[in-house]
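Okay, so here's the structure we're looking at.
Protein chains in written order, with this note's numbering: chain A, 1 to 156; chain B, 1001 to 1079.
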């Protein structure tokens, strides 16, 4: 599986080992970290939730597309699910390649596509006690539901 | 026919459940979302969502079959 989820910290040393290749002269990785500020609100922690059956398929398709589009050796993407604290590693993308240029390009392609296509959702918890699903709340039609219901069923 | 509906993220919280078995005569994901959005007062419009049937992306006009598993997919935010 070149795209996978983990509910425990991402083991980047083990990940790097999977990308080892004597034909690879370059290795590029992207790390997405939990940030303390989003759109002006102080964030205290995050929850990631995924529709895993479909997310795994779509993530695998993205990595396969990257390997077709760019002449790289290996690629891997690991995404956290569950509760994350500030500063934690939320997503790790890595590519090994003969040369650096295509490794940067493939890494960028994978993280961009994952963000747009894979059914993963992020709930931010804010310093002010509020919380919200990123990309879902502020565009919602009825603001009275946007945050009020958000505290009830978070961990089911 | 019976359908299995699974809810994630904001829709899970607004529906107050992760999944349910629904007995329905509705034929398409579009009709199904319209009914469920009214029942649970979902704040997301259909235009903001994608839909999956049996763990694969689907057209909103697809004809549903008995036993299908339907998932409405809110705007994603991975990474």
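Here a beta-carbon is modelled for each residue, glycine too, at the ideal position from N, C-alpha and C.
On a predicted model such as this, the values are computed, not experimentally measured, just so you know.
Straight-line CA distance for residue 92 (chain A) to residue 1001 (chain B)?
Taking the first chain and counting its residues from 1, the one referred to as residue 92 (chain A) is at position 92. Taking the second chain and counting its residues from 1, the one referred to as residue 1001 (chain B) is at position 1. Whole-angstrom Cα-Cα distance: 42 angstroms.
What are the boundary residues of the alpha helix (DSSP H) that includes residue 114 (chain A)?
By one-based count along the first chain, residue 114 (chain A) stands at place 114. Looking at the DSSP string, the run of the alpha helix (DSSP H) that includes residue 114 (chain A) is 100-117.
Show which residues of chain B have a CB atom less than 9 angstroms away from the CB atom of residue 165 (chain A).
The structure shown does not extend to residue 165 (chain A), since chain A is modelled only from 1 to 156, so the question has no answer here.
For residue 9 (chain A), count the other beta carbons within 10 Å of its own beta carbon; 16 or more makes it buried, fewer makes it exposed. Which is it?
For the purposes of this step, residue 9 (chain A) is identified with residue 9 of the first chain, where counting begins at 1. That one is exposed.
For residue 136 (chain A), return the contacting residues in chain B, with the cut-off set at a CB-CB distance below 7 angstroms.
In the first chain, residue 136 (chain A) corresponds to position 136, counting from 1. By Cβ distance, chain B contributes 1009, 1010, 1044, 1074, 1075.
DSSP state of residue 89 (chain A) mapped onto helix, strand, coil
The residue you call residue 89 (chain A) lines up with position 89 of the first chain. Here residue 89 (chain A) sits in strand by DSSP.
Closer than 8 angstroms by beta-carbon distance: list the chain B residues that pair up with residue 65 (chain A), in chain order.
Position 65 of the first chain holds residue 65 (chain A). What residue 65 (chain A) touches in chain B: nothing, since even the nearest Cβ is about 15 angstroms away.
Nearest residue (CA-CA) to residue 108 (chain A), options A:45, A:39, A:124, A:72
As a first step, residue 108 (chain A) is located in the first chain; it is residue number 108 there, counting from the start. Checked all of A:45, A:39, A:124, A:72; the closest Cα to residue 108 (chain A) is A:72.
Would you mind giving the Cβ-Cβ distance between residue 137 (chain A) and residue 38 (chain A), rounded to the nearest angstrom? I have them listed as a contact below 8 angstroms.
Mapped onto the first chain, residue 137 (chain A) falls at position 137. Mapped onto the first chain, residue 38 (chain A) falls at position 38. Contact doesn't hold; Cβ gap of about 12 angstroms is too wide.
Could you check whether the Cβ of residue 1050 (chain B) sits closer than 9 angstroms to any Cβ belonging to chain A?
The count along the second chain starts at 1 and reaches residue 1050 (chain B) at position 50. Output row for residue 1050 (chain B): interface = yes.
Using 9 angstroms as the threshold, is the C-beta distance between residue 115 (chain A) and residue 46 (chain A) below it?
Taking the first residue of the first chain as position 1, residue 115 (chain A) is located at position 115. Taking the first residue of the first chain as position 1, residue 46 (chain A) is located at position 46. In this structure, residue 46 (chain A) does not lie closer than 9 angstroms to residue 115 (chain A) by Cβ.
Sequence-distant residues of its chain with Cβ nearer than 8 angstroms to residue 1 (chain A) (five each side left out)
Position 1 of the first chain, counted from the first residue, corresponds to residue 1 (chain A). These residues qualify, in order along the chain: 56, 60.
Of the residues A:96, A:31, A:5, the one placed nearest residue 88 (chain A), counting alpha carbons only
Residue numbering aside, residue 88 (chain A) sits at position 88 when the first chain is read from its first letter. Checking every option, the nearest Cα to that of residue 88 (chain A) belongs to A:31.
Using a beta-carbon distance cut-off of less than 8 angstroms, what residues from the region 109-124 of chain A approach chain B?
111, 114, 115, 116, 117, 118, 119, 120, 121, 122, 123
Can you name the residues of chain A whose CB is closer than 8 angstroms to the CB of residue 1056 (chain B)?
Residue 1056 (chain B) sits at position 56 when you count from the first residue of the second chain. Going along chain A in sequence order, the residues near residue 1056 (chain B) (Cβ under 8 angstroms) are 54, 57.
Partners in chain A for residue 1071 (chain B), counting only beta-carbon separations shorter than 9 angstroms:
On the second chain, position 71 is the one that residue 1071 (chain B) refers to. Those are 51, 53, 54, 119, listed as they occur along chain A.
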